[in-house]
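Shown next, in structure tokens, is the structure this report addresses.
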Amino acid sequence: MQVITEVEPTAKDIENVLRDLENSWTAAITVRRQSQKDVGFREIFVSLDGESLGILRHGDAITRETTPGVHRLQAHNTLFWKTLEFTLAVGDHASFIAVNRTGWGTYSVLAFLIGFLGAGPFYLTFEREGAGAHGS
């Protein structure tokens, strides 16, 4: 005669299953520098939660998987810094656009007289696409 006994999982077994499940939950972000309004000069440096994601040149895009939850995405062109805070749910893929654009003083006489700049400042626009969040 065969005897079957059911084995109850321990608290540690349940914790391990939950940890494995939580580790499988992912979300993603993409940061693009592909706007027609971008001047095409100077790099844009991008970081997520204090860790560098990369350097965007005109036409580039960066995509990274991350954990769900609250995040801080920063971009700068060495002159202007922008920070966006956002929350991702499991499976979300958030897209952001970064643009170096002209503005007041970009092509001013003073900028050309300074010489080492060659041109005035390029302003940074940094925003989430499709969600209306704006970081500029």
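Heads up, the sequence shown is in this note's numbering, so the first residue is 5 and it goes up one at a time. Backbone N, C-alpha and C fix where the C-beta goes; we use that ideal spot for every residue, glycine too. Computed from a prediction, not measured in an experiment: that's the story for all the values here.
query	result
Which listed residue (ALA102, THR87, ALA31) has its alpha carbon closest to that of GLN38	ALA102
Burial state of ILE48 (16 or more Cβ within 10 Å)	buried
For LYS86, the first and last residue of its enclosing beta strand (DSSP E)	85-92
Beta-carbon proximity check, ILE142 vs GLY54, cutoff 9 Å	In the structure as shown, the chain starts at 5 and stops at 140, and residue 142 therefore has no counterpart that could be examined.
Range covered by the beta strand (DSSP E) that runs through SER51	48-52
Nearest candidate by alpha-carbon position, reference ASN27, set VAL94, GLU10, PRO125	VAL94
Residues near LEU25 by beta carbon distance below 6 Å, same chain, minus five either side	none
9 Å Cβ cutoff met for ALA98 and ALA31	yes
Beta-carbon proximity check, VAL50 vs VAL35, cutoff 9 Å	yes
Outcome for PHE100 when other beta-carbon atoms lying within 10 angstroms are tallied against a minimum of 16	buried
Three-state secondary structure assigned by DSSP to ILE8	coil
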